[in-house]
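Visitor: Can you keep this structure in mind? I'll have questions shortly.
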Amino acid sequence: MPLDPQAQALIDAAVGLPATETLTPEEARAGHRERAKLTSGVPQDVAQVRDARIAGPAGEIPIRIYVPEGSAPFPCLVFFHGGGWVTGDLDTHDVLTRALANGAGAVVVAVDYRLAPEHKFPAAIDDAVAATRWVADQATELGIDPRRIAVGGDSAGGNLAAAAALALRHEGGPQLVYQLLIYPVIDYNFDTPSYLENAEGYRLTRAGMQYYWAHYLSEAAHADDHRASPLRAETHTELPPALVITAEYDPLRDEGRAYADRLRDAGVPVIYREYPGMIHGFVTQAGVLDAGRRALDEINENLREAFAASAVAAS
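Here the sequence shown is numbered in the numbering used here, starting from 5 and rising by one per residue.
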């Protein structure tokens, strides 16, 4: 379908701004923070929000814990923010993670993993796996049901969620009940039809993604590592059920669809949704995009159903 008029308005508002690939990482981070303030919407009140720091593989990892109304033990979503592994933080995604905690009725643990280029691959995925294990280990203290832990993220955060699910499956858990992959980065491949069709003109560009990957990987050979390109894992069996969301006018559309197909072929239950007329980042821009709000409602509905199903299975 044609580009959504609200998405077109966002694109028009960005005309004249410098291209991502011309920015320093510090400039790109500042731009991400400013966009989040303008487009994320109004933050919801959550029963309890607190920041903490946990032990990681190379120092402390900042996290933010959101606890909704209700009685423990809660299910839990460990969430990794997007930003091409270079930008983003706990604050850029605070509106989203608040909405997920309330809407899914789950504790959300947002993870401020190490960013590139200061910390190259595999620093981010190492932090993601460590944080997920910490949540499982501290489940009782956090008021979390250790049998109902999911991972999720948007864009590069979706990459980390998918890679963490693969890593935890191979490395003995914790066993996850769901993976939420919002327009995820899944493969190092700039020549898919969606990359070529949407190379320019829709906010996230092909050159912009090349910029992010170049900052993330220290050598090209790492692109074949399934921790960087989850699509390239030898097998995708025995992974948790997934919700994969993509956008029609997103360079990443086809790799998200390919990952949903790969999971389905491996026997993993998958819900795949491509949002027509939408651009990359629309869920975190729900303050100005109606489709972002609809997607958030769908995400929370699927999370609630997945957590309810896992509660029945665990009883």
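The C-beta atom is built at its ideal place from N, Cα and C for all residues, glycine as well.
Could you tell me which residues DSSP pairs with A56 in its beta bridges?
Guide: Along the sequence shown, read from residue 1 onward, the residue named residue 56 stands at position 52. According to DSSP, which records beta bridges pairwise, A56 is partnered with I67.
Visitor: Taking 8 Å as the threshold, find out whether the region 28 to 41 comes into contact with the region 84 to 98 through three or more Cβ pairs.
Guide: yes
Visitor: Which whole-angstrom value describes the C-beta separation of Y4 and A154, a residue pair presumed to lie in contact below a C-beta threshold of 8 Å?
Guide: Because the chain is modelled from 5 through 319, residue 4 falls outside the range shown and cannot be assessed.
Visitor: What does DSSP give as the partner residue(s) for P22 in the beta ladder?
Guide: Counting from one through the sequence shown, the residue named residue 22 turns up at place 18. Paired residue(s): none; P22 is not in a bridge.
Visitor: Buried or exposed for E30, going by 16 or more other Cβ atoms inside 10 Å?
Guide: Position 26 of the sequence shown, counting from 1, holds the residue named residue 30. Its Cβ having fewer than 16 others within 10 Å, E30 is exposed.
Visitor: Is the distance from the Cβ of N193 to the Cβ of E259 below 8 Å?
Guide: Taking the sequence shown and counting its residues from 1, the one referred to as residue 193 is at position 189. Taking the sequence shown and counting its residues from 1, the one referred to as residue 259 is at position 255. The answer is yes: Cβ separation under 8 Å.
Visitor: Leaving out five residues on either side along the sequence, give the residues of the same chain with a beta carbon under 7 Å from the beta carbon of G60.
Guide: Working through the sequence shown from its first residue, we reach residue 60 at position 56. For G60, the CB contacts under 7 Å within the same chain, skipping 5 residues up- and downstream, are D131, A134 in chain order.
Visitor: Assign M5 to one of two classes, buried (16 or more other C-beta atoms within 10 Å of its C-beta) or exposed (fewer than that).
Guide: As a position in the sequence shown, residue 5 is number 1, starting the count at 1. With fewer than 16 Cβ atoms within 10 Å of its Cβ, M5 is classed as exposed.
Visitor: Are there 16 or more other CB atoms within 10 angstroms of the CB of T26, so buried, or fewer, so exposed?
Guide: Your numbering for residue 26 matches position 22 in the sequence shown. It counts as exposed.
Visitor: On a Cα-Cα basis, can you pick out the residue from V139, R207, L243, A225 that is closest to H174?
Guide: As a working note, residue 174 is residue 170 in the sequence shown. The option with the nearest alpha carbon to H174 is L243.
Visitor: Mind checking which residues open and close the beta strand (DSSP E) that includes L151?
Guide: Numbered from its first residue, the sequence shown carries residue 151 at position 147. The sequence given here has Arg at residue 151, not Leu. 148 to 158 is the span of the beta strand (DSSP E), which, as asked, contains R151.
Visitor: Provide the residue span of the beta strand (DSSP E) that contains R236, from first to last.
Guide: What you label residue 236 is simply residue 232 of the sequence shown in a count that begins at 1. Where R236 is concerned, there is no enclosing beta strand (DSSP E), given that its DSSP letter is neither H nor E.
Visitor: Unbroken beta strand (DSSP E) runs of length 3 or more, entirely within the region 175 to 205: which are they?
Guide: 182 to 186
Visitor: Take T241 as the anchor and find which of Y216, Y206, T144, V272 has the nearest alpha-carbon.
Guide: Within the sequence shown, the letter at position 237 stands for residue 241. Taking only the C-alpha atoms, the option nearest T241 is V272.
Visitor: Straight-line CA distance for P150 to P9?
Guide: Looking up residue 150 in the sequence shown gives position 146. Looking up residue 9 in the sequence shown gives position 5. Taking the straight line from one Cα to the other gives about 43 Å.
Visitor: Kindly list the residues whose CB is nearer than 6 Å to the CB of R68, restricted to its own chain and excluding five residues on each side of it in sequence; keep chain order.
Guide: Start at 1 with the first residue of the sequence shown, and residue 68 comes out as number 64. Around R68: D55, L94, A114.
Visitor: Quick one, which of R207, G296, A76 has its alpha-carbon nearest L21's?
Guide: Taking the sequence shown and counting its residues from 1, one reaches residue 21 at position 17. Of R207, G296, A76, the residue nearest in Cα terms is R207.
Visitor: Spatial neighbours of L235 within its chain, please: CB distance less than 7 Å, with the 5 preceding and 5 following residues excluded, ordered by chain position.
Guide: As a working note, residue 235 is residue 231 in the sequence shown. Closer than 7 Å at the Cβ level, and outside the excluded window around L235, lie I190, D191, E259, A262, Y263, R266.
Visitor: By the three-class DSSP mapping on this structure, what secondary structure does E252 have?
Guide: Locating residue 252 in the sequence shown gives position 248, counting from the first residue. Of the three classes helix, strand and coil, the one that applies to E252 here is strand, per DSSP.
Visitor: Going by C-alpha distance, which of A315, E64, I283 is nearest Q12?
Guide: Numbered from its first residue, the sequence shown carries residue 12 at position 8. Of the listed residues, the one whose Cα sits closest to Q12 is I283.
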